[in-house]
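Oh and the sequence shown: position 28 is 40 in my numbering, straight run, nothing missing.
In this text, a Cβ means the ideal position worked out from N, Cα and C, and glycines have one as well.
Because the structure is a prediction, the values reported are computed rather than measured.
Take a look at the structure below.
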Amino acid sequence: MKARYQPDLNGFLALCGRNYALLLRWLPSALAMDAPASVRGSNGILKITLVENTRYTQLVEISRPLGKTPLIEDPKVLVRIYHDAKLAEVLTGRQFSLLSAVYDYPNLRMYQSDEKYQVNAFLEELLKIGCRYQSVVRS
């Protein structure tokens, strides 16, 4: 019998810490509520919207416009930034809703056992687009 998946909490927290560091590199410092900003990097454009702003956390929506492709929707994630813990974690996205830490496999939605880790790894790749940004444009 296959052993039940055990999440690597240290690896997950390290990934969330890297995401936080990448976010700080290109996150516009004067981002206003519900006023999207576009960050143009060497590998494309990221669009970011501040959804919620509290003393220790922020909730931002990050998307990667792909142009006018009717068959493929732009990737979009909702990210909670924890400034006190210096972590950034994906909460939801266009293709998925609230994620559990671990999933049994197989499951109805065919999520991987480590789906939460993989979605946050996707955020890391998305953030690498804008980490050396050239310009920030208010939309």
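ask   = Looking only at C-alpha atoms, which of T104, Y129, Y32 sits nearest to Y17?
value = Looking at the Cα atoms, Y129 is the closest of the given residues.
message = Excluding the 5 residues flanking K140 on each side, which residues of the same chain have their C-beta closer than 6 Å to its C-beta?
response = Nothing meets the Cβ criterion.
query = Just curious, the alpha helix (DSSP H) that A100 is in, first and last residue?
reply = Run containing A100: none in the alpha helix (DSSP H); it sits in the beta strand (DSSP E), 99-105.
request  = My understanding is that A97 touches L27, with C-beta atoms under 8 Å, so please give their C-beta distance in whole angstroms.
outcome  = Actually they do not touch by this definition, with Cβ atoms about 13 Å apart.
message = Check this for me: beta carbons of L103 and N31, under 8 Å apart or not?
response = Cβ distance not < 8 Å, so L103 and N31 don't count as in contact.
task = Kindly list the residues whose CB is nearer than 6 Å to the CB of S75, restricted to its own chain and excluding five residues on each side of it in sequence; keep chain order.
result = Cβ within range, chain order: K59, D86, K88.
Pairwise C-alpha distance: I57 and T81 = Straight-line Cα distance between these residues: approximately 15 Å.
query = Run through DSSP, which three-state label would N31 get?
reply = In the three-state DSSP reduction, N31 falls in the helix class (H, G or I).
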